[in-house]
Amino acid sequence: MEQAQLIDTAGAAAGDGRLLREKVYDQLRAEMISCTLPPGTEIRENELALRFGVSKSPVRDALMRLERERLVITLPRQGYRVAPVSLADVQDMFHLRDALEQACMERIVRRASDAQLETLDPFRRFAPADWPGGFVAYNREFHRTLARISGNARMRDQVIDLIDQMERAVQLSVSSLKKGDPQSLVDEHVAIIDALQARQAARAQRLASRHVGEAGKRVLRAMSRVVIAD
Numbered sequence: 042m043e044q045a046q047l048i049d050t051a052g053a054a055a056g057d058g059r060l061l062r063e064k065v066y067d068q069l070r071a072e073m074i075s076c077t078l079p080p081g082t083e084i085r086e087n088e089l090a091l092r093f094g095v096s097k098s099p100v101r102d103a104l105m106r107l108e109r110e111r112l113v114i115t116l117p118r119q120g121y122r123v124a125p126v127s128l129a130d131v132q133d134m135f136h137l138r139d140a141l142e143q144a145c146m147e148r149i150v151r152r153a154s155d156a157q158l159e160t161l162d163p164f165r166r167f168a169p170a171d172w173p174g175g176f177v178a179y180n181r182e183f184h185r186t187l188a189r190i191s192g193n194a195r196m197r198d199q200v201i202d203l204i205d206q207m208e209r210a211v212q213l214s215v216s217s218l219k220k221g222d223p224q225s226l227v228d229e230h231v232a233i234i235d236a237l238q239a240r241q242a243a244r245a246q247r248l249a250s251r252h253v254g255e256a257g258k259r260v261l262r263a264m265s266r267v268v269i270a271d
């Protein structure tokens, strides 16, 4: 009985440790992606440990995971820094996203059920009142939904992670993007939805590629007007 209790206690402690690590990681990642922690911000383990009320171990684990995701860089003998957002990296991300989204289109046409295709209908219109995060949130959820109904779990995870990573570039350029009329972009979504629901793979791929390419041009133009590290 005593041995079983010890095992239960150890398991609970291990579980608490995992929860702490996930909490620190999730919060820091969200702040970096939203640019609440802007690119270039210096980060110190002891300050984060005090902030979260934890030891340095879960903080260090979180920072190592974020470094693998290229959201953090290590400064020898100094600590860490939120990774800069470079034009070259954003170009690479849009290039990869183009390839992944075209692959999603082909999978959706072949594998998605009619019911899954119908889940795209709410994205035929954009009403600011329905989206507290504005057009950026609407657009992000549209592309995440496409990834989810692709029927390929690995591709879904890569697309969603890539969208999260690209959020930093969008946030840096959002002041410029807000000036445009989003209706033309909603119309592009509608055209993609129409092609998918008609199960026209080649047309959907062509529209998705054009949509991602034009988005890349807009973000890169906006970023070129922001002082960033390249």
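If you read the sequence shown in the working numbering, its first letter stands for residue 42, the second for the next number, and so on. Note that the Cβ used here is the ideal one computed from N, Cα and C, for glycine as well. Nothing here was measured: the structure is a model prediction, and the numbers come from that model.
Beta-carbon spacing of residue i, residue j below 8 Å
i	j	result
E83	R122	yes
L203	M134	yes
P80	A124	yes
A210	V260	yes
I234	L128	no
N180	L226	yes
R100	V65	Residue identity check: residue 100 is Val in the sequence provided, not Arg. The answer is yes: Cβ separation under 8 Å.
S75	E159	no
H230	F176	no
L69	A90	no
Q157	I190	yes
A249	E142	yes
L321	V95	The structure shown does not extend to residue 321, since the chain is modelled only from 42 through 271, so no value can be given for it.
Which of helix, strand or coil DSSP assigns to residue i
i	result
R118	coil
I84	strand
L95	Before going further, note that residue 95 is Val rather than Leu in the sequence given. Reduced to three states, the DSSP call for V95 is coil.
S250	helix
Q68	helix
R106	helix
R101	helix
L261	helix
R240	coil
R138	helix
R62	helix
L78	coil
E255	helix
D130	helix
Residues sharing a beta bridge with residue i, DSSP
i	result
V113	V123
> Touching or not, the segment 228–245 and the segment 144–160, by the rule of three or more beta carbon pairs under 8 Å?
Replying inline: Touching, yes, given that three or more Cβ pairs across the two stretches are closer than 8 Å.
> In chain order, which beta strand (DSSP E) runs of at least 3 residues are fully inside the segment 143–227?
Replying inline: Counting only unbroken stretches of 3 or more residues, no beta strand (DSSP E) element lies wholly within the segment 143–227.
>> Between the segment 230–244 and the segment 100–119, can you find at least three pairs of beta-carbon atoms closer than 8 Å?
In response: No, the segment 100–119 is not in contact with the segment 230–244.
>> Could you check whether the segment 190–199 touches the segment 168–175, counting it as contact only if at least three pairs of C-beta atoms, one from each stretch, sit closer than 8 Å?
In response: The answer is no - the segment 168–175 does not touch the segment 190–199, with fewer than three Cβ pairs under 8 Å.
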